[in-house]
Structure formats: structure tokens, C-alpha cells
Amino acid sequence: MLAPIPGFLFFLMQVTTDSLQTTLSDNATVLLLTVYVLLLAIFLGFELIGRVPATLHTPLMSGTNAIHGIVVLGAMIILGSIEGSSLTDTVLKILAFIAVVLGSANVFGGFVVTDRMLEMFKRKPVARKSPGAGGQ
Numbered sequence: 098m099l100a101p102i103p104g105f106l107f108f109l110m111q112v113t114t115d116s117l118q119t120t121l122s123d124n125a126t127v128l129l130l131t132v133y134v135l136l137l138a139i140f141l142g143f144e145l146i147g148r149v150p151a152t153l154h155t156p157l158m159s160g161t162n163a164i165h166g167i168v169v170l171g172a173m174i175i176l177g178s179i180e181g182s183s184l185t186d187t188v189l190k191i192l193a194f195i196a197v198v199l200g201s202a203n204v205f206g207g208f209v210v211t212d213r214m215l216e217m218f219k220r221k222p223v224a225r226k227s228p229g230a231g232g233q
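For the sequence shown, this note's numbering begins at 98 and goes up steadily by one.
Structure representation (C-alpha cells):
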């Protein structure tokens, strides 16, 4: 009996020619659409951020950092779903843990920046003149 060939060659040996062409065609379509969306997102992000005035850049970025809670949630779901103790699972656990830590730091930083920004808009108390000030 032949040992299974890892990766793509093993996959190729098990499919017929018609289903292979369909599979490759479907994969190429998905890859092309993914690259198209990525390029569109890069272009759109560059255009939007480039046109933001300097006074609005900090609130925009702090809000964007706070949205990274989605990254934290996804990393926690992945971290909780990894089972096993193989080397691959260990590497996945480490990467998911790093994603949770970095995503949490980004969320925390976004809230800190937002808090500091909101402090700038609070009214400052008016200092009262003391009766003895100014030689009176």
C-alpha cells in the first residue's frame, strides 16, 4: 500500500479530472475575489485616512482601536477551540494567546486615548482671585 502523499498531491490523486477543474476554478475564483476585496480595502482606507483632518485623526484612530474587540473575541474563540497537544496545536495556542494579548492592548489603548481626548473638551474650573493677591 502506498503511503499517503501529504498536501496538494494527495488531494490531486483522489479527485477526477472534471471535479479537479471545478475545484481549481472555484478556488481561483475565491482567491481572485479575496485579492480584489483586499486591494479595494487598501485603496479605500488610504483615501479615507488621507483626507481626514488632523483634528479628527486621533478620535478616528481611538475608535478604530476600540473596534479591535472583535479581534480579541475571535482569538479567544480560536484559543478555546484548539484541542490536542501536537506541535501544531501548541503553536496555534501560542499564536492565539499573542493575538488575545495584543488585541487587548490595542482595545485598552483605544479607550485610554479616547478618555484623554474627551478630557480636552471638559471645562476647566475658573481660578478665583484671592483677596490678598495684587497687593490689595
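The beta carbon of each residue, even a glycine, is placed where N, CA and C say it ideally should be.
Check	Outcome
Exposed or buried, A151, counting other C-beta atoms within 10 Å across all chains shown (16 or more means buried)?	exposed
Please report the straight-line C-alpha distance between M98 and L184, rounded to a whole angstrom.	In this prediction, M98 scores a pLDDT of 41, lower than 50, which makes its location untrustworthy; the coordinate-derived value is nonetheless stated afterwards. Going by the C-alpha atoms only, they are around 28 Å apart.
Let me know the secondary structure DSSP gives F218 once reduced to three states.	coil
According to DSSP, is A193 part of a helix, a strand, or is it coil?	helix
Rounded to the nearest angstrom, what separates P222 and G160 at their Cα positions?	28 Å
Kindly confirm or deny that the stretch 192 to 210 and the stretch 164 to 175 touch, where touching means at least three C-beta pairs closer than 8 Å.	yes
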